[in-house]
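J.:
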Amino acid sequence: MSARTSPPSKPLTDRIRPNHPPYGLADYERHGGYQGLRAALKMSPQDVTALMKSAGLRGRGGAGFPTGVKWSLVPMGENAPKQKYIIANGDEMEPGTFKDRLLLEGDPLQFIEGITIGGYAIGASIGYVFLRAEYVEAARALRKAIQECYARNRLGRNILGSDFHFDLYLHTSAGRYICGEETALINSLEGKRAIPRAKPPFPATSGLFGKPTVVNNIETLCNVPHIVHYGAEWFRGLSKGKDGGTKIYGASGKLRRPGAWELPMGTTVREILEDHAGGLRAGLKLRGFLPGGASTDFLTAEHLDVPMDFDSIAKAGSRMGTGMMIVLDDQTDVIGMVRNLERFFARESCGWCTPCRDGLPWVEKILASLEAGQGRPEDLTILRQMTRLLGPGRTFCAHAPGAMEPLQSALGHFRLDFERAAARSAAVAGGRP
Amino acid sequence: MSAGDARSATAPLVTIEIDGRRYRVDPRRNLLEVALELGFDLPYFCWHPALGSVGACRQCAVTQFKDENDTQGRVVMACMTPCADKTRIAIAHPDALEMRASVIEMLMTNHPHDCPVCEEGGACHLQDMTVMTGHAYRRYRFHKRTHVNQDLGPFVSHEMNRCIACYRCVRFYREYAGGDDLNVFGAHHYVYFGRASDGVLESPFSGNLVEVCPTGVFTDKTYGESYTRKWDLQQAPSICHHCAVGCNIMPGERYGRLKRIENRYHGALNGYFLCDRGRYGYQHVNAQGRVRHAALRRDRGAARQPVDADTAIATLAGWLAEGRVLGIGSPRASLEANYALRALVGADRFHRGIDAETARLDDLVLETLARGPAQIATIADIEQADAVLVLGEDVLATGARIALAIRQAVRQSAYAMADAAHVPRWQDHSARLLAQEVKSPLFVCTPAATGLDGIATRTYRGAPQDLVRLAQEIVHLLDYTQPRAPGLDGDTIHLAHTIAEALKGAQRPLIVSGTGCGSAALLQVVANLCTALGRSGRKPWLALLPSECNSLGTALLGGPGLDAALARIEVGEIDTLIVLENDLFRRVPAPRLQALLMRLSHLVVIDALATPTAEAADLLLPAGAFAETDGTLVNYEGRAQRYFQVYVPEGDIRESWRWLQQVARARGQDLGDALDALIAGCAGSDPRLARIVDAAPSARFRIHGSRIPRQPHRYSGRTAMHAQRDIHEPRPPQDPDTPLAFSMEGARTGAPPAEIPIFWYPRWNSVQSVHKFQQEIGGPLRGGDPGVRLIEPGPGGHYHDRPGYRAPAELETVWLYELFGSEELSVRGDAIASRVAAPYLVLHPATAARLGLTAGATVQVEAAGQRWQAVLRVSPTFAANVAGVPRGLPGVPTFATGTVLSVREVRP
Amino acid sequence: MLSPDEIAEIDRELAHYEQPAAATIEALKIVQRHRGWVSDEAVAAIAAKLGCSPADVDAVATFYNLIYRRPVGRHVIHVCDSVTCWMLGEPRLTELLKAQLGIDYGQTTADGRFTLLPICCLGTCDRAPAMMIDEDTHRDLESVDAARLSAILERYP
Ligand SMILES: Cc1cc2nc3c(=O)[nH]c(=O)nc-3n(C[C@H](O)[C@H](O)[C@H](O)COP(=O)(O)O)c2cc1C
Ligand code: SF4
Ligand code: FES
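Note that the protein sequences, when read in sequence, are chains A, B and C.
Here UniProt numbering is used: the first residue of the first sequence is 1, the next is one more, and so on.
Here UniProt numbering is used: the first residue of the second sequence is 1, the next is one more, and so on.
Here UniProt numbering is used: the first residue of the third sequence is 1, the next is one more, and so on.
#1: Do you know how far the Cα of E637 (chain B) is from the Cα of P546 (chain B)?
#2: According to DSSP, is A431 (chain B) helix, strand or coil?
#3: Could you compute how far the alpha carbon of A138 (chain A) sits from the alpha carbon of P22 (chain A)?
#4: Report yes or no: do the segment 106 to 120 of chain C and the segment 104 to 119 of chain A share at least 3 C-beta pairs separated by less than 8 Å?
#5: Within 8 Å (strictly less), CB to CB, does P71 (chain C) reach chain B?
#6: From which residue to which residue does the beta strand (DSSP E) around P251 (chain B) run?
#7: What does L66 (chain C) reach in chain A if we use C-beta pairs closer than 9 Å?
#8: In this structure, does DSSP put F98 (chain A) in helix, strand or coil?
#9: Does the CB of G123 (chain C) have a neighbour CB from chain A at under 8 Å?
#10: Would the beta-carbon of G865 (chain B) fall within 8 Å of that of P649 (chain B)?
#11: Whose C-alpha, out of A:K144, A:M320 and A:W362, is nearest the C-alpha of S102 (chain B)?
#12: Kindly list the residues whose CB is nearer than 6 Å to the CB of S2 (chain B), restricted to its own chain and excluding five residues on each side of it in sequence; keep chain order.
#13: Going along the segment 341 to 365 of chain A in order, which residues come within less than 9 Å of chain C, judged by CB to CB distance?
#14: Entirely within the segment 273 to 359 of chain A and at least 4 residues each: give me those alpha helix (DSSP H) ranges in chain order.
#15: Residues of chain C with CB closer than 7 Å to the CB of F185 (chain B), please, in chain order.
#16: Report the rounded CA-to-CA distance for T24 (chain C) versus R195 (chain B), giving the unit in angstroms.
#17: Which residues bound the alpha helix (DSSP H) around G127 (chain A)?
#18: Could you tell me the alpha carbon to alpha carbon distance between V62 (chain B) and I366 (chain A), rounded to whole angstroms?
#19: If I measure Cβ to Cβ from R4 (chain A) and keep anything under 6 Å in the same chain, skipping five residues before and after, which residues do I get?
#20: Would you kindly check if the distance between the Cβ of G518 (chain B) and the Cβ of I354 (chain B) is under 8 Å?
#21: Where K29 (chain C) and P20 (chain C) are concerned, what is the direct C-alpha to C-alpha distance, given to the nearest angstrom?
#22: Label I89 (chain B) either buried or exposed according to how many other C-beta atoms from any shown protein chain fall within 10 Å of its C-beta, with 16 as the threshold for buried.
#23: Which residues in the same chain have their Cβ closer than 6 Å to the Cβ of R22 (chain B), if we skip the five residues on either side of it in sequence?
#24: So with Cβ pairs under 8 Å, would you call A680 (chain B) a contact of chain A?
#25: At the level of alpha carbons, what is the spacing between residue 935 (chain B) and T228 (chain B)?
#26: With a threshold of 16 other CB atoms inside 10 Å of the CB of R371 (chain B), please say whether the residue is buried or exposed.
#27: Going by DSSP in three states, H135 (chain B) sits in which element: helix, strand or coil?
#28: I'd like to know whether the C-beta of M93 (chain A) is nearer than 8 Å to at least one C-beta of chain C.
#29: Specify, as a first and last residue, the run of the beta strand (DSSP E) that N161 (chain B) falls within.
#30: Please classify F414 (chain A) as buried or exposed, where buried requires at least 16 other C-beta atoms within 10 Å of its C-beta.
#31: With D167 (chain A) as the anchor, note down where its alpha helix (DSSP H) starts and where it stops.
#32: How would you write the range of the alpha helix (DSSP H) that I122 (chain A) sits in, first residue to last?
#33: Counting C-beta neighbours from all protein chains within 10 Å, is the total for V327 (chain A) 16 or more, i.e. buried, or is it exposed?
#34: Checking the sheet assignment: what are the DSSP bridge partners for W868 (chain B)?
#35: In angstroms, rounded to a whole number, what distance separates the CA positions of E371 (chain A) and L380 (chain A)?
#36: Classify Y176 (chain B) as buried or exposed, calling it buried when 16 or more other Cβ atoms lie within 10 Å of its own Cβ.
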């Protein structure tokens, strides 16, 4: 059935052909598709979960939580609730991030196979894909693929002749970045306002409609079939570091060849930026970069040789996040950039908790006034204080702390820019009659 | 009674450390609750003792340390942190202090700082928390976001710019009270709390928004119309007179006008919430139709002329001396007033102010409560019931606060799920999400649709006779020695099974019924149900609602009903009839009553309101309305509760019992000259009433020699308030009846729970201060909740005879009730009046079709020689064959239960 | 109030969820696809269909930025104003658009053809700046000029 002889080194993108429609089921299976699910159906659900653990698969949605551990928190066995759910998080609205779109547009079946295996592993008979509204292309590809899977017994009842049933529904969103936060996503899927929920209880015990639920990122789930098919060892071997597998890295900004590439986990920043993105455009110098989307701390040129994996980036003082870098060059106003980021976060706050709802607009306004040369010296004090007050644990969910990461690191790495802006404003103000 | 406490369960205490000191606390609580209980002033907004924790406002920040060695700590929200053993927190830690002040600063970036013109000013939780956290100087220098306000109807004003987005309003309105027309709109810092469009807030509990909102977004519109600062209100503890539940209220007065009603916390009864009838029903006190002066008609046919009090008293004393007197009491008057009338005219000449049929029902309620084995359910008990059967009573209309409690009761199985999942009950949204739509059993079996149907497991619609049969079948299923009900269809029998199983399977089954159906058989079968449940090993809880605020008090006093009095008038035995606070036209069909009144020589009416009965009086004595008098009421659970005079009214108005005392004195009879004498007399008249003395301390009670002031210490303008009339400072009125003083002077702390005139505490100027008066958050007031139970249920054990079954006649009346409209006093205020429906008649579609009538038609209805027009409502959920008539609604006359109507369409 | 097509589509979505209210967002999107925007009447009709109150539906409708509670033009232009697009010339693109259409953000052209709205990252940052018109994503607009912009807009009559 499978034409493949040797395992791929870029499993996630192997079947993706730029500027071509994605494979249909027949081609997909000719290229190794559904080997993972076939293998999984022969294993016990618990063994599939254990495999994820030993493969060292960590969530690609931003937090890097070990997928096998997440699955193992779901109650299993006789006394577990009958209804459980698995949800694919395809909300992807983190500025700078476009990896899940590529995976869904390019190879929707790989994802469907992945979520089906996930459903099997946790005993869920229903899965949802939560897709952001603007991904029209991806939605088309998914709809088509889902339809084909139903027609060919890859979804629905008694999948591939087993006694496993699995239904998959596509839910397209109506906007709002906060829908990407997994508990807000669950509320949104329930047709409610996308307000995050308190944790604990975690979705694994009380999620969608109060039932045990796993939320996984699209990229995370795309890895699953390959791990089952080729094994944990192989998966770990793909990586240059401790965490298993490859990673879709990306880079945007004033680069020669912005884009996204599947590379071994732990590829260095320098390799990504210089070899793959072609470096900065002529005449520009690197000032810094956000390693994994808008809600990560700035790193600078001194971090170019840090490997892009969860722990190394954390050690360097940031987060790997989505692994999609945004590059700041020396001609771009850093205050303007941070102002742009904070406007985004302020606008996308769900409005539930005070520091986020009322603090972020204030931050945005201060930055805008600094950018416009109307700041005040005490503004920097307030900004610094805000990075503390909107930090982890202070707000209801991770949205505001995420918003503070670029700000707090910018205030550190680019302190002089801010101080100069404040001083310039003071001078302007002082000069007024 | 705080969010979902299971009263049976106890947990071993654990040790936690706050600011370096150790405390033994209940691990099932959260840190915020516990810190407040321990006396710490920890600010909060979104947490509410009855609504639980949701972690939205981030105001209750404290620093938590991992262990003994952790010196750094991290900031957590106290409301979302359980009191696990060895928890170490610091409230005074610099990080937590900074966080708390900063949250206020952030909230204030959009707050309009319009405190001078805000109704909440000076009694505002936001102000208190702002001062408490120390945020004093504004650093925010940008624009504030603004909103447009909505017209939310006659009860609640809306000023959205003051909103701090604590989400309490929607959590109360939607999640706690089940309303669906208020919500939050928009996102990020443009969240808006209101209706989808302008319009009346539909929830019968909308007025609680005023107290639930920690700032001035939702304020009392009736109060705002002639506004006074909280500290300029004279207040006294009082009891709501608008139904038999007896919620504790706090009326406030200024310049001789009653300004507003606030909730007065009672741990076993109303807790934190009132219904809108209770909150807004007070306006009759200020209404135009008040009787303010004594007036006498000297000659038949002449007009009444004002007379001074002495003349009035002498006149009545003279008529009494002539003999042939009869006194009619009232279920809306105090025990003391009823007792005084009885003492004045003699027990054999005293009649209860209700028809014989209602008297029988009230007596049955008393008897059922007293016989046992059911325990009498407080509202706090009702919230804990894990299976509820509502039989015949539209509680949302006749005892609304109980319906709100039933809403909480259906969460019992959700709490069980939360316990199993180790989700603390106070973590409100998590507990709700876990349970989803799961509800404990609730069966609503009534003639017409009710506001509780939406949360009911099953509903059943039938005429009272059908309800009796259903209940009889349940009795049979619980105890096979009891006979089956005749002629039930399969569905109904199946329902009876379902209900019987649910009641049997419950730990704390509750039966709710009352006199609303006007059916003695129903009350008897309710008693049988309790007996059967008792025999099957379950001790049920029972809540039986009589119709008026002192129905049970008058039942305890006893005496024959009105019919007997009318018969004595009819035979010409009576010359002088004294009617106490009672509009007989609400109880006796007008043609008959008018004819009878003609046979009297003297009709004497003592009342606060110019009712039709008062209009007919030859001698009219102005009585104090509830806020102008003291007295005792007995509520549905048999709890005697004392209410106190808030202010001294103008004119000749005085307590009805004082008129009667003074008339007695003029006749040489001694009924005393203050309240305590009547309380003592009343208590001595029947062993069941003996304990009313303990409902509140007597007039002699003092705190270190001082009285309890009705006026706050900041009360302003005392010397100048009346200066436009008289520059001399009037001597404050004396109060011979209670330990309260019409004054600012006196003892501010240490008032016994029944006599707390204001909830205020240093640094806590808003209603949130109530926690300073509680033994524990959501528990009883310090010193115990006010009032005394007069009835202790016996062991029960025997059955009433099986009630006979009679199929209802076609177009036989079935009573329906309106929260706004069925109660006499509340409809006399503008706010409530604007919510009263026009007269209507309800028929089942089949019945309407048989009569050739269509929905919306104007029909003329005739009963007992009276005709009125009504709009026809056709409802498939209404019992077939019978006719639903809204009892007491303005424009609908009175007649006997079970009267057969005639209906015909009126064509324009 | 809802058309038979709308009802059929909503019913299809209802089948996917444990609870009817879960289809609220889908129902709003369905109605919007048919009518361009969601009026008060449509909110009430959806509420009736799903068995909840208009306030319930509106609370959801007003939360999500892609549900329009006011009429929009025949075509909606969403300009990405997030960080990469901003760096690569979104302000310029926006100014060009505003000038050509003669409207500001949040407005609709007088002929009812276009509504202009900002949107956060469209997930196409490697080809920034970008905008969406209806369901089409237009990329690589860094050096867009008035002529090219007109050519794009002309495709949306
Ligand atoms: C504000 C916010 C937005 C998020 N957006 C996304 C998103 O768009 N896609 C995603 O996969 N995860 C997002 N996450 C992370 C999810 O909450 C969750 O951790 C993730 O979907 C889990 O999947 P994983 O374990 O496979 O990474 C977001 C988190 C936060 C706090
Ligand atoms: S959210 Fe908590 S955090 Fe805030 S007060 Fe409300 S109670 Fe506390
Ligand atoms: S920043 Fe615009 S597409 Fe990403």
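Ideal Cβ positions, reconstructed from N, Cα and C, are used throughout, including at glycine.
Source: prediction; values computed, not measured.
T.: Looking at the coordinates:
#1: 10 Å
#2: helix
#3: 10 Å
#4: Segments in contact, no.
#5: no
#6: N248 to R254
#7: Going along chain A in sequence order, the residues near L66 (chain C) (Cβ under 9 Å) are A133, E134, S173, A174, G175 and R176.
#8: coil
#9: yes
#10: Their beta carbons are not under 8 Å apart, which means G865 (chain B) does not touch P649 (chain B) by this criterion.
#11: A:W362
#12: Here the model assigns S2 (chain B) a pLDDT of 46, short of 50, so the residue's position is not dependable, and the following value carries that caveat. Contacts found: P49, I777 and G778.
#13: L341, R343, F344, R347, E348, C350 and G351
#14: 310 to 316 and 334 to 348
#15: D58, A59 and T62
#16: 18 Å
#17: No alpha helix (DSSP H) contains G127 (chain A), which is instead part of the beta strand (DSSP E) from I126 to L131.
#18: 28 Å
#19: Low confidence applies here, because R4 (chain A) scores a pLDDT of 49, under 50, leaving its location unreliable; read the following figure in that light. So the qualifying residues of the chain are G32.
#20: For I354 (chain B) and G518 (chain B), no; Cβs fall outside 8 Å.
#21: Taking the straight line from one Cα to the other gives about 15 Å.
#22: buried
#23: T15
#24: A680 (chain B) has a beta carbon lying at 8 Å or more from every beta carbon in chain A.
#25: The structure shown has nothing for residue 935 (chain B), since chain B only spans 1 to 908.
#26: buried
#27: coil
#28: yes
#29: Run containing N161 (chain B): none; DSSP gives neither H nor E here.
#30: buried
#31: Segment D167 to T172 is the beta strand (DSSP E) holding D167 (chain A); no alpha helix (DSSP H) there.
#32: P108 to I122
#33: buried
#34: B:V861
#35: 13 Å
#36: By the Cβ-count criterion, Y176 (chain B) is buried, with 16 or more other Cβ atoms from all chains shown falling within 10 Å of its own Cβ.
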